[in-house]
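Per the working numbering, the sequence shown starts with residue 141, numbered consecutively. Using N, Cα and C, we set each Cβ at its ideal position, and we do this for glycine too.
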Amino acid sequence: MELFDTSKSILQEIKLNSPEFGNVRLLVKRDDLIHPEVSGNKWRKLKYNIELVQFQKKDGILTFGGAYSNHLLATASACHLAGLKSIGVVRGEELHASSNENLKRCSELGMELKFISREKYDERNEKTAQETWKEEYPFYLLVPEGGSNYYGIVGCQEIWKELPDEVDHLFVAQGTTATSCGLAAGGKESTRIHVVPVLKGFNSLAEMRKLLFSFLVDEETIEESLGRIVVHPDYHFGGYGKWNDELLSFIRHCREELDLPLDKIYTGKVFYALLGWLKNQQFTTLQTVVFLHTGGLMNG
Ligand SMILES: *Cc1c(COP(=O)(O)O)cnc(C)c1O
141 MELFDTSKSI LQEIKLNSPE FGNVRLLVKR DDLIHPEVSG NKWRKLKYNI ELVQFQKKDG
201 ILTFGGAYSN HLLATASACH LAGLKSIGVV RGEELHASSN ENLKRCSELG MELKFISREK
261 YDERNEKTAQ ETWKEEYPFY LLVPEGGSNY YGIVGCQEIW KELPDEVDHL FVAQGTTATS
321 CGLAAGGKES TRIHVVPVLK GFNSLAEMRK LLFSFLVDEE TIEESLGRIV VHPDYHFGGY
381 GKWNDELLSF IRHCREELDL PLDKIYTGKV FYALLGWLKN QQFTTLQTVV FLHTGGLMNG
């Protein structure tokens, strides 16, 4: 089935034509190419959630997101492809289905949109709120914002299967941390996993620890997994959804000179952090560095 195919996600080698980057083989795992709308890590996170819906013979997925959410669009598109229904609960009661292109497209794909206040949205993960949604929509699987649940993490863990055996360093963006948790729960022990949170003042390790508990349960394994994480906390460019001219011209440079399209919310910030870090390392023995392109090109 087209929906479960990742063959378009190639490993692109980037040639850095400057000695300042040291001895490095730089590869980009192009998960953005999996599908134009079910793109990147959102595809990874939805895969087993969709399979679960099919297995349980439910009608579809009910999930949550902001007006520009890549996850809402990915869910709408994946459910459409799989012949399932979808409901998107959107943050902001003043919005409507034609407030922006993202929401328009979600609704075109058959997603039923429900707009709720920011206060109500903030309570979405509380037990009573979850129970109310479940009661109202018993034939839908509830999936948290960003697709960050157990099944989402399992889907991201699988990325390792498509990477070379020897990866010294892997760079990835962090929103909910589900992608980085999946990666931290797999791969070789010696691989350093570099995370770049796009939120300002974000406690990466604490957030990962919380999410890994729903996945690994065993404390020792969690701490071991977290021991491989390197956090780069200073590349959020002011916070979520913020950017400046420097980032925009960096993104333009990458598209024109390196044939690498990046978005300004997630992947642009990560690749900026990666190149900055490489310059400071001056590796003399050859290192394989992988940048996981998590997608996001539709909205940014
Ligand atoms: C959602 C998203 C992320 C964040 O991933 P998490 O698993 O929530 O940490 C990163 N990159 C892109 C392009 C995204 O759309």
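Sheet register partners of residue i (DSSP bridge)
i    : result
K225 : G200
P337 : Q314
Y412 : Bridge partners of Y412: none, in fact.
L281 : I201
K169 : L151 and L432
DSSP state of residue i mapped onto helix, strand, coil
i    : result
E363 : helix
E306 : coil
R184 : helix
I299 : helix
G232 : coil
R349 : helix
H433 : strand
T268 : helix
K260 : helix
F119 : Only positions 141 to 440 of the chain appear in the structure, and residue 119 is not among them; the question remains open.
E396 : helix
F255 : strand
I150 : coil
From the options, residue whose alpha carbon lies closest to that of residue i
i    : options                   : result
L213 : L143, R170, L249 and F195 : L249
S179 : H393, Q421 and A216       : A216
E306 : Q427, E191, E298 and P401 : Q427
K409 : L192, Y280 and F377       : F377
L415 : A237, Y375, F355 and G440 : Y375
Own chain, CB closer than 8 Å to residue i, minus 5 neighbours either side, in chain order
i    : result
T425 : N163
Residues of its chain near residue i, where Cβ-Cβ distance is below 6 Å and the 5 sequence neighbours each way are ignored
i    : result
R184 : G295 and C296
L235 : A207 and F255
V429 : V164, L166 and H309
L400 : C394
Residues of its chain near residue i, where Cβ-Cβ distance is below 7 Å and the 5 sequence neighbours each way are ignored
i    : result
K148 : L173 and I174
Legend entry - Start-end ranges of the beta strand (DSSP E) lying completely within the segment 363-394, minimum 3 residues: 369-371
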